[in-house]
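Chemist:
There are 2 protein chains.
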Amino acid sequence: MTATVNESTRNGVDTATLFATLDAVKAAPEAAKFQFRATNEWLSGTHNRSTIADFYGVGEERSHERMFTFDADHPAVLVGRDNGPTPVEFVLHALAACLTAGLANIAAARGIRLTRVHSTVTGDIDLNGILGLNPEVRNGYERISVRFAIKGDAPAEKLRELIEQSRARSAVFDVITNQVPVTIEVETS
Amino acid sequence: MTATVNESTRNGVDTATLFATLDAVKAAPEAAKFQFRATNEWLSGTHNRSTIADFYGVGEERSHERMFTFDADHPAVLVGRDNGPTPVEFVLHALAACLTAGLANIAAARGIRLTRVHSTVTGDIDLNGILGLNPEVRNGYERISVRFAIKGDAPAEKLRELIEQSRARSAVFDVITNQVPVTIEVETS
């Protein structure tokens, strides 16, 4: 067991750096203030493209190693051309990705080696809301369900605890299950 | 004006189909019940990949015209390898994409021709929350700001009204600013 715990990389997580980062933020909490950003350009109809390139964190402006671009659109059945997933599908991807990234970090910190983590996220939505046809129906998802299949070198109960801790510390889970204030400014010219 | 209103495509939106879809859903509200889905596979560390392929809507199982895959990761400063944006950055993309798609549809329905729509979305987050270092700090974004630059063949006030109506009918805006119940199930083997 000692040999496993002393390995600096577990589940692809550099645990030494992970713990060093935690210590650094403990010593200088301001380092943890981040601003993430996306810019979006409308292309045609429901088709538009976002670029994710830079962010602020640990006291300075930073860039991703490369620029990421993502197209969104509606499928034909929703009067689009299916040039990308719908915006609401990206929300499901974000939730799965956040829970899974946290899970790998937490497992590494706890000395648990994961061999497989697979998840399916489903979101039920009644488009009578966004279509403005029924004021009783909300615009967004009515409910979201996540189903994880997880394998690793720990008893089932320990694996379940990883998911529970990941949920308890997930940024996207918080954004979806709680309220975030959003301001919108418009410049016309 | 009549000529403009009668055009079947405006801003790349097939308005005839848009109105026909609205009429169809008015006649059969169950058609608007959709389920969207993403599956995610953990790769290594904070790097994982989602696939978006099929969904349910208008009474039957459907597939996108192609399968979409998206990688998420953390940047090096957050102990990842920057193989993709962070999960929280995908949330900003989803918000920009949703507001922009709605805007194009609403403008088309109102007979307004758009020439440019650009937006920047920023999200402020204090990672003392997800790092578990300060129980007073939430896990998710503290605030999100959207800045739109919009040009079209209508007075500024009409263009601003488009954004306001898009906000009022945005699924992702609702998901972020209100609460969605999320259940998580875990299968271990």
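Protein chains in written order, with our numbering: chain W, 5 to 193; chain G, 5 to 193. Backbone N, C-alpha and C define an ideal beta-carbon position, used for all residues, glycine too.
1) DSSP three-state call for T187 (chain G): helix, strand or coil?
2) Under 8 Å, with one C-beta from each stretch per pair, do the segment 163 to 176 of chain G and the segment 135 to 148 of chain G reach the 3-pair mark?
3) In its own chain, which residues sit with a C-beta less than 8 Å from the C-beta of A108 (chain G), not counting the 5 before and 5 after it?
4) Short of 7 Å in beta carbon distance, which residues of its chain neighbour F94 (chain G), apart from the five on each side in sequence? Order them along the chain.
5) Evaluate G133 (chain G) with the Cβ neighbour count: other Cβ atoms within 10 Å of its Cβ, from every protein chain shown; 16 or more gives buried, anything less gives exposed.
6) On the CB-based measure, 16 or more other CB atoms within 10 Å of its CB, does G156 (chain W) come out buried or exposed?
7) Would you please verify whether the beta carbon of F23 (chain W) is less than 7 Å from any beta carbon of chain G?
8) Nearest CA to the CA of G127 (chain W): which residue from W:A158, W:A32, W:I180?
9) For the alpha helix (DSSP H) that L47 (chain G) lies in, which residues bound it at each end?
10) Among the residues of its own chain, which have a CB less than 6 Å from the CB of R130 (chain G), if the five just before and after it don't count?
11) Roughly how many angstroms separate the alpha carbons of A101 (chain G) and A160 (chain W), rounded to a whole number?
12) Anything in chain G within Cβ reach of R173 (chain W), meaning under 9 Å, just list it in chain order.
13) Cα separation between G106 (chain W) and G61 (chain W)?
14) In angstroms, rounded to a whole number, what distance separates the CA positions of R85 (chain G) and E34 (chain W)?
15) Specify the secondary structure class of S170 (chain G) as computed by DSSP and reduced to three states.
16) Does the beta carbon of L107 (chain G) fall short of 6 Å from some heavy atom of the ligand ATP?
17) If I'm right that A20 (chain G) touches S12 (chain G) with Cβ under 8 Å, what's the distance once you round it to whole angstroms?
18) Looking at the structure shown, is R85 (chain G) part of a helix, part of a strand, or coil, going by DSSP?
19) Can you tell which of W:V125, W:L137, W:E168 has its C-alpha closest to the C-alpha of A31 (chain G)?
20) Mind pulling the alpha helix (DSSP H) runs of 4 or more residues that sit fully within the segment 98 to 144 of chain W?
21) Rank G:I148, G:N182, G:Q183, G:V184 by C-alpha distance to the C-alpha of C40 (chain W) and give the top, closest one.
22) What first and last residue would you give for the beta strand (DSSP E) that runs through V150 (chain W)?
23) Look at the Cβ atom of R164 (chain W), then the Cβ atom of E189 (chain G), and state whether they are nearer than 7 Å.
24) List the endpoints of the continuous beta strand (DSSP E) containing T73 (chain G).
25) Answer yes or no: does any C-beta atom of chain G fall closer than 7 Å to that of R41 (chain W)?
26) Can you pull the chain G residues whose beta carbon is under 7 Å from the beta carbon of E69 (chain W), in chain order?
27) Go ahead and label G88 (chain W) buried or exposed: buried means 16 or more other beta carbons lie within 10 angstroms of its beta carbon, across all protein chains shown.
28) Could you check what DSSP says for T19 (chain G) in three-state terms: helix, strand or coil?
29) Whose C-beta lies closer than 6 Å to the C-beta of V176 (chain G) among residues of the same chain, with five residues either side of it excluded?
30) DSSP has D58 (chain G) in a bridge; who is on the other side?
31) With distances taken Cα to Cα, identify the nearest neighbour of S54 (chain G) among G:T43, G:S48, G:G63.
32) Would L135 (chain W) and V29 (chain G) qualify as a contact pair, given that the criterion is a beta-carbon distance under 7 Å?
33) Along chain G, in chain order, which residues have C-beta atoms closer than 7 Å to that of E140 (chain W)?
34) D101 (chain G) CB to nearest chain W CB: under 7 Å?
35) Any beta-carbon of chain W closer than 7 Å to the one on D128 (chain G)?
Modeler: The answer reads as follows:
1) Taking the second sequence and counting its residues from 1, one reaches residue 187 (chain G) at position 183. Strand at T187 (chain G).
2) With a cut-off of 8 Å, the segment 135 to 148 of chain G and the segment 163 to 176 of chain G do not count as touching, because too few Cβ pairs lie within range.
3) Walking along the second sequence from the start, residue 108 (chain G) turns up at place 104. Result list for A108 (chain G): N15, G16, V17, L118, V121, in chain order.
4) One-based indexing of the second sequence puts residue 94 (chain G) at position 90. Setting aside the 5 residues that flank it on each side, F94 (chain G) is surrounded in the same chain by A76, each with a C-beta closer than 7 Å to its C-beta; the list follows chain order.
5) Working through the second sequence from its first residue, we reach residue 133 (chain G) at position 129. Buried is the label assigned to G133 (chain G), since at least 16 other Cβ atoms lie within 10 Å of its Cβ.
6) Locating residue 156 (chain W) in the first sequence gives position 152, counting from the first residue. Around the beta-carbon of G156 (chain W), 16 or more other beta-carbon atoms lie within 10 Å, marking it buried.
7) Locating residue 23 (chain W) in the first sequence gives position 19, where the first residue counts as 1. No, F23 (chain W) lies away from the interface with chain G (no Cβ there is under 7 Å from its Cβ).
8) To locate residue 127 (chain W), count along the first sequence from 1; it is residue 123. Of the candidates W:A158, W:A32, W:I180, W:I180 places its Cα closest to the Cα of G127 (chain W).
9) The residue you call residue 47 (chain G) lines up with position 43 of the second sequence. No alpha helix (DSSP H) contains L47 (chain G), which is instead part of the beta strand (DSSP E) from 37 to 48.
10) On the second sequence, position 126 is the one that residue 130 (chain G) refers to. The amino acid occupying residue 130 (chain G) in the given sequence is Asp; Arg does not appear at that position. Sequence-distant Cβ neighbours of D130 (chain G) in its own chain, meaning closer than 6 Å and more than five residues away, are V141.
11) Your numbering for residue 101 (chain G) matches position 97 in the second sequence. Your numbering for residue 160 (chain W) matches position 156 in the first sequence. Taking the straight line from one Cα to the other gives about 39 Å.
12) Position 169 of the first sequence, counting from 1, holds the residue named residue 173 (chain W). Going along chain G in sequence order, the residues near R173 (chain W) (Cβ under 9 Å) are G133, I134, L135, G136, N143.
13) Position 102 of the first sequence, counted from the start, is the residue given in the question as residue 106 (chain W). Position 57 of the first sequence, counted from the start, is the residue given in the question as residue 61 (chain W). Going by the C-alpha atoms only, they are around 19 Å apart.
14) Residue mapping note: residue 85 (chain G) aligns to position 81 of the second sequence, counting from 1. Residue mapping note: residue 34 (chain W) aligns to position 30 of the first sequence, counting from 1. If I take the Cα positions, the gap works out to 23 Å.
15) Sequence index remark: in the second sequence, residue 170 (chain G) carries index 166 (1-based). The three-state reading of DSSP puts S170 (chain G) in helix, counting H, G and I together.
16) Among the components of this structure there are no ligands whatsoever, and the ligand ATP is therefore not found.
17) Counting from 1 along the second sequence, the entry for residue 20 (chain G) is found at position 16. Counting from 1 along the second sequence, the entry for residue 12 (chain G) is found at position 8. For a cut-off of 8 Å, the C-beta gap from A20 (chain G) to S12 (chain G) is around 4 Å, short enough to register as a contact.
18) Here residue 85 (chain G) refers to the residue found at position 81 of the second sequence. The answer is coil: DSSP assigns R85 (chain G) none of H, G, I, E or B.
19) Your numbering for residue 31 (chain G) matches position 27 in the second sequence. When each option's Cα is compared against that of A31 (chain G), the closest is W:L137.
20) If we require 4 residues or more, the segment 98 to 144 of chain W turns out to have no alpha helix (DSSP H) run fully inside it.
21) As a position in the first sequence, residue 40 (chain W) is number 36, starting the count at 1. One point to set straight first is that residue 40 (chain W) is Phe, not Cys, in the sequence displayed. Comparing Cα positions, the closest option is G:I148.
22) Locating residue 150 (chain W) in the first sequence gives position 146, where the first residue counts as 1. Note, V150 (chain W): beta strand (DSSP E), 147 to 156.
23) Counted from its first residue, the first sequence places residue 164 (chain W) at position 160. Counted from its first residue, the second sequence places residue 189 (chain G) at position 185. No, the Cβ-Cβ distance between R164 (chain W) and E189 (chain G) is not below 7 Å.
24) Stepping through the second sequence from its first residue, residue 73 (chain G) is reached at position 69. Its beta strand (DSSP E) spans residues 64 to 76.
25) Here residue 41 (chain W) refers to the residue found at position 37 of the first sequence. Chain G contact via Cβ: present.
26) Taking the first sequence and counting its residues from 1, one reaches residue 69 (chain W) at position 65. Within chain G, the residues near E69 (chain W) are D86.
27) On the first sequence, position 84 is the one that residue 88 (chain W) refers to. Under the 10 Å beta carbon count, G88 (chain W) is surrounded by 16 or more other beta carbons and is classified as buried.
28) Locating residue 19 (chain G) in the second sequence gives position 15, where the first residue counts as 1. Helix at T19 (chain G).
29) The residue you call residue 176 (chain G) lines up with position 172 of the second sequence. Around V176 (chain G): A98, L99, C102.
30) Taking the first residue of the second sequence as position 1, residue 58 (chain G) is located at position 54. Answer is G:S67.
31) Counting from one through the second sequence, the residue named residue 54 (chain G) turns up at place 50. Of the candidates G:T43, G:S48, G:G63, the one whose C-alpha sits nearest the C-alpha of S54 (chain G) is G:T43.
32) Along the first sequence, one-based indexing puts residue 135 (chain W) at 131. Along the second sequence, one-based indexing puts residue 29 (chain G) at 25. Yes. Within cutoff.
33) Taking the first sequence and counting its residues from 1, one reaches residue 140 (chain W) at position 136. Chain G residues near E140 (chain W): none, gap ~11 Å exceeds 7 Å.
34) Numbered from its first residue, the second sequence carries residue 101 (chain G) at position 97. In the sequence under discussion, the amino acid at residue 101 (chain G) is Ala, which differs from the Asp named in the question. So, interface residue.
35) Numbered from 1 along the second sequence, position 124 holds the residue referred to as residue 128 (chain G). For D128 (chain G), the answer is yes, since a Cβ of chain W falls inside 7 Å of its Cβ.
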